[in-house]
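Quick mapping for you: the protein sequence lines, in order, are chains R and L.
In this text, residue positions in the first sequence follow my numbering: the first is 1, and each later residue adds one.
In this text, residue positions in the second sequence follow my numbering: the first is 1, and each later residue adds one.
Built from N, CA and C at the ideal position, the CB exists for glycine as well.
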Amino acid sequence: MSGFFDYLIPLLSNVGIFIILALGLNLINGICGQFSLGHAGFWAVGAYAAGAYGLYFAPEIPNFINLFISCLVGMITSALFGLAIGIPCLRLRGDYLAIATLGFGEIIRIVIMNTDKLGGPRGMTNIPHWTNIFWVYAWVILFIFIIVNFLKGPHGRAMISVREDEIASESMGINTFKYKTMAVVIGAAMAGVAGALFAHGQQFLHPNNFTFMWSVIILLMIILGGLGSVTGAILGAIILTILPELLRFMGTTIAEWRMVIYSLLLIALMLWRPSGILGKREINLLGLFKKGKT
Amino acid sequence: MSHPYILEADQITMKFGGLTAVNKLSLKILPGDLVGLIGPNGAGKTTAFNMLTGIYHPTEGEVRLLGENISKLRPYQITKRGVARTFQNIRLFKEMTVLENLLVAGQSTYQSGLISSILKTSQFKKNEEALRNHCLELLKIFKLEKKSQFLSKNLPYGEQRRLEIARAMATSPQLLLLDEPAAGMNPQETKELTELIRFIRNHFKMAILLIEHDMGLVMDVCDRISVLDYGELIAYGNPKEIQNNPKVIEAYLGPKEEEKDL
């Protein structure tokens, strides 16, 4: 039985980390409408920043405080990268923005690969194990709270209006560039925290953990759940993290066909529910998404 | 008021590569004025609008709002200074409700900080309440209050047009620019629109600049009319004068027969 929990708890931790990643990308892609393919890059920046903190700078203080500081380090580093990437890239639109962010993600990975201090191609080892499932879900809940309130306020509305029609939004007094940058910075900050939790959970980081494929998988999560829906992003993250594990139980042949099953799933989705499982709707648990009175 | 004109375009020119879309256009709009801007298709009317609202920056010349040069500002900055516009092809926020469309437009006057909106401070709630009331009042004026929770894409065409004007009004402008508000409307809807424009002007005491192809509407509501052709201002005056101006007739109907023969 304990063996089962040894398997289940890290898996649930991973689900939490991917929920944070999906929520962040959903803010950039689904809510603000800026097509980004570099989310794994922000994730990597946060993970390595947190890993470096754990290896080189952490003082002798209780683990949970260290984890908290490490998450902040990951968050701030990633947010700064978001700002630095966002300001030049957000002048581009659509496909061009996607290519630019894709390039950014790869540049990050290759820079890490060639930086000896970060382990280079050997990977970063011996990162202290601080993450536990409690703190992962504490961050998940904090971020859900922030995103939900953010969306109900003026800033969330402004971001949605940028997605709906950028020119009209600008003509209605919305500084669209500011809101696009804000979406990328917040999304990157969340990916940074996910990276820190990941680093202190796995204790080992390798640049190949953060390939372009992971950006695509995170994107798949939010598309599957419904682009622009917060609960959809959570649902997508849960499904696409649990599904490979379920396939694993079905024997090696099926596990090897994982990517084929993913693509079939997506084709089926595009045929029957082109806007994702939830579309833009929300599952209204606890009345979190209740619209204000009129 | 030190500046008699709300908006003053001084010899503005827009060149796209070798093409001069608007050439040395000058416009002056007084407070409370209702000015029409007409001209055949491709005369540069919408380009002129885009220059006034900051979507394009004029290649030459200057746009002044109450004496301040705004020709280098971005659209949102110009809107915050009191110029609102509608679009020729409707540009609503389709996936947002009717009320939300107005809230977005109105919120720059009731801005709350990022942190206070996440923590829902009482200041934030007060701001949101005031904004909501302001928008609901506008919806009532525009007879859209029953549809406030509809997604804007689900409104019929005429109401979408009306919502666009309401949304522009939500930014609390001093000057409203309407880009072909009657396009695609039937005669009945056009008549209602004429009333609406007149009402806005009297009720809000604001200046309006109107681009329109429906001559009935233009001649009916406008105090003064500017006529553009091939990017140049060819006539300016009250509706009577414009109707009898030979240059305007030529621009719309072509030169007179005997001149052509010569």
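### Query
Any Cβ of chain R within less than 9 angstroms of the Cβ of Val-104 of chain L?
It does; some Cβ of chain R falls within 9 angstroms.
#### Entry: Proximity test, Cβ basis, 9 angstroms: Pro-274 of chain R and chain L
Put simply, the CB of Pro-274 of chain R is far from chain L, with every gap to its CB atoms at 9 angstroms or more.
### Message
Give me the DSSP bridge partner(s) of Ser-226 of chain L.
### Response
DSSP, once it has assigned bridges, lists L:Leu-37, L:Tyr-236 as partnering Ser-226 of chain L.
### Task
Answer yes if the segment 175–186 of chain L comes into contact with the segment 111–127 of chain L, meaning at least three C-beta pairs across the two stretches below 8 angstroms, and no otherwise.
They do not touch, by the three-pair rule.
### Query
What are the residues of the segment 142–167 of chain R that lie near chain L, defined by any Cβ-Cβ distance shorter than 7 angstroms?
Ile-146, Asn-149, Phe-150, Gly-153, Pro-154, His-155, Arg-157, Ala-158, Ile-160, Ser-161, Glu-164, Asp-165, Ile-167: these are the residues of the segment 142–167 of chain R whose beta carbon lies less than 7 angstroms from some beta carbon of chain L, given in chain order.
### Task
For Lys-15 of chain L, collect the residues of the same chain with a Cβ closer than 6 angstroms to its Cβ; drop the 5 residues on either side in sequence, then sort them by chain order.
If we look at Lys-15 of chain L and ignore the five residues flanking it on each side, its Cβ neighbours are Thr-59.
### Query
Whose Cβ in chain R lies nearer than 8 angstroms to the Cβ of Lys-24 of chain L?
Near Lys-24 of chain L there are no residues of chain R at all, since even the closest Cβ is about 25 angstroms away, more than 8 angstroms.
### Query
DSSP three-state call for Gly-292 of chain R: helix, strand or coil?
Because the pLDDT of Gly-292 of chain R is 44, which lies under 50, any placement of that residue in the model is unreliable, and the question is left without a value.
### Task
Give me the Cα-Cα distance between Glu-95 of chain L and Leu-278 of chain R, rounded to the nearest whole angstrom.
The alpha-carbon atoms of Glu-95 of chain L and Leu-278 of chain R are separated by roughly 15 angstroms.
### Message
Quick check on the DSSP output: what are the complete alpha helix (DSSP H) runs of length 4 or more inside the segment 66–136 of chain L, in order along the chain?
### Response
With a minimum length of 4 residues, the continuous alpha helix (DSSP H) runs that stay inside the segment 66–136 of chain L are 75–80, 98–106, 114–119.
### Query
With respect to the alpha helix (DSSP H) encompassing Leu-144 of chain L, which residues constitute its N-terminal and C-terminal limits?
Per DSSP, Leu-144 of chain L belongs to no alpha helix (DSSP H) and is neither H nor E.
### Task
Pull out every residue of the segment 76–89 of chain L whose Cβ sits closer than 7 angstroms to any Cβ of chain R, in chain order.
Here the close residues are Tyr-76, Thr-79, Lys-80, Arg-85, Phe-87.
### Message
Please state the DSSP three-state secondary structure of Met-1 of chain L.
### Response
For Met-1 of chain L, the pLDDT reaches just 48, beneath the cut-off of 50, and the residue's location in the model is therefore unreliable, leaving the point undetermined.
### Message
Beta-carbon within less than 7 angstroms of Glu-166 of chain R's beta-carbon, same chain only, minus the 5 sequence neighbours each way: which residues are those?
### Response
Excluding sequence neighbours, Glu-166 of chain R sits near Thr-176.
### Query
Grouping DSSP H, G and I as helix and E and B as strand, with all else coil, what is Ile-211 of chain L?
Looking at Ile-211 of chain L - three-state DSSP - the assignment turns out to be strand.
### Query
Under a Cβ-count criterion, where at least 16 other Cβ atoms within 10 Å of its own Cβ denotes burial, should Asn-14 of chain R be classed as buried or exposed?
By the neighbour-count rule (16 or more Cβ atoms within 10 Å), Asn-14 of chain R is buried.
### Query
Thinking C-alpha only, which one of L:Phe-93, L:Arg-132, L:Ala-48, L:Arg-91 is nearest Thr-109 of chain L?
When each option's Cα is compared against that of Thr-109 of chain L, the closest is L:Arg-132.
### Query
Where does Thr-13 of chain L sit, in a helix, a strand or coil, going by DSSP?
Under the three-state reduction of DSSP, Thr-13 of chain L is assigned to strand.
### Message
Distance cutoff 9 angstroms, beta carbons only. Does Ser-112 of chain L sit that close to anything in chain R?
### Response
Output row for Ser-112 of chain L: interface = yes.
### Query
Quick one: is Met-14 of chain L near chain R, going by C-beta distance under 9 angstroms?
Contact of Met-14 of chain L with chain R is not assigned, every C-beta pair being separated by 9 angstroms or more.
### Message
Tell me the rounded alpha-carbon separation between Asn-29 of chain R and Ser-36 of chain R.
### Response
Approximately 6 angstroms, taken between the alpha carbons.
### Task
Run down chain L in chain order and give the residues with a C-beta less than 7 angstroms from the C-beta of Met-75 of chain R.
Within chain L, no C-beta atom comes less than 7 angstroms from the C-beta of Met-75 of chain R; the nearest is roughly 15 angstroms away.
### Message
Three or more C-beta pairs under 8 angstroms: does that hold for the segment 148–156 of chain R against the segment 82–96 of chain L?
### Response
Output reads no: the segment 82–96 of chain L does not touch the segment 148–156 of chain R.
### Query
Are the C-beta atoms of Met-172 of chain R and some chain L residue less than 9 angstroms apart?
So yes, Met-172 of chain R belongs to the interface.
### For Ile-200 of chain L and Gly-292 of chain R, the rounded distance between their alpha carbons
Any reading at Gly-292 of chain R must be qualified, since the residue scores a pLDDT of 44, below 50, and its modelled position is unreliable; the value itself is stated next. Near 29 angstroms, if we compare the C-alpha coordinates of Ile-200 of chain L and Gly-292 of chain R.
### Query
If you run the structure through DSSP and keep just helix, strand and coil, what is Asn-186 of chain L?
Assignment of Asn-186 of chain L by DSSP, reduced to helix, strand and coil, places it in the coil class.
#### Entry: Beta-carbon spacing of Ser-169 of chain R, Phe-93 of chain L below 9 angstroms
Yes, these two residues count as a Cβ contact at 9 angstroms.
### Task
Say whether chain R places a C-beta atom closer than 9 angstroms to the C-beta of Lys-143 of chain L.
No, no contact with chain R.
### Query
Who are the near neighbours of Phe-143 of chain R in its chain, counting only those whose CB is closer than 7 angstroms to its CB and skipping five residues on each side?
Answer for Phe-143 of chain R: Ile-20, Leu-23, Met-190, listed in chain order.
### Limits of the beta strand (DSSP E) - the one that Ser-26 of chain L falls within
Segment 19–29, the beta strand (DSSP E) holding Ser-26 of chain L.
### Burial state of Gly-17 of chain L, where buried means 16 or more other Cβ atoms lie within 10 Å
When all chains shown are included, Gly-17 of chain L counts as exposed.
### Query
Taking the beta strand (DSSP E) that Leu-175 of chain L falls in, what are its first and last residues?
According to the DSSP assignment, Leu-175 of chain L belongs to the beta strand (DSSP E) that extends over 175–179.
#### Entry: Within 9 angstroms, strictly: CB atoms of Ala-199 of chain R and Tyr-48 of chain R
Yes, these two residues count as a Cβ contact at 9 angstroms.
### Query
Taking any Cβ of chain R, which residues in the segment 161–191 of chain L have a Cβ under 7 angstroms from it, in chain order?
Those residues of the segment 161–191 of chain L that come within reach of chain R (Cβ to Cβ, closer than 7 angstroms) are Arg-167, Thr-171.
### Query
Near Asn-154 of chain L, which residues of its chain fall below 8 angstroms by C-beta distance, leaving aside the five closest residues on each side in sequence?
Cβ neighbours of Asn-154 of chain L beyond the five flanking positions: none.
### Message
For a test of the three-state rule: what should DSSP assign to Leu-67 of chain R, helix, strand or coil?
### Response
Reduced to three states, the DSSP call for Leu-67 of chain R is helix.
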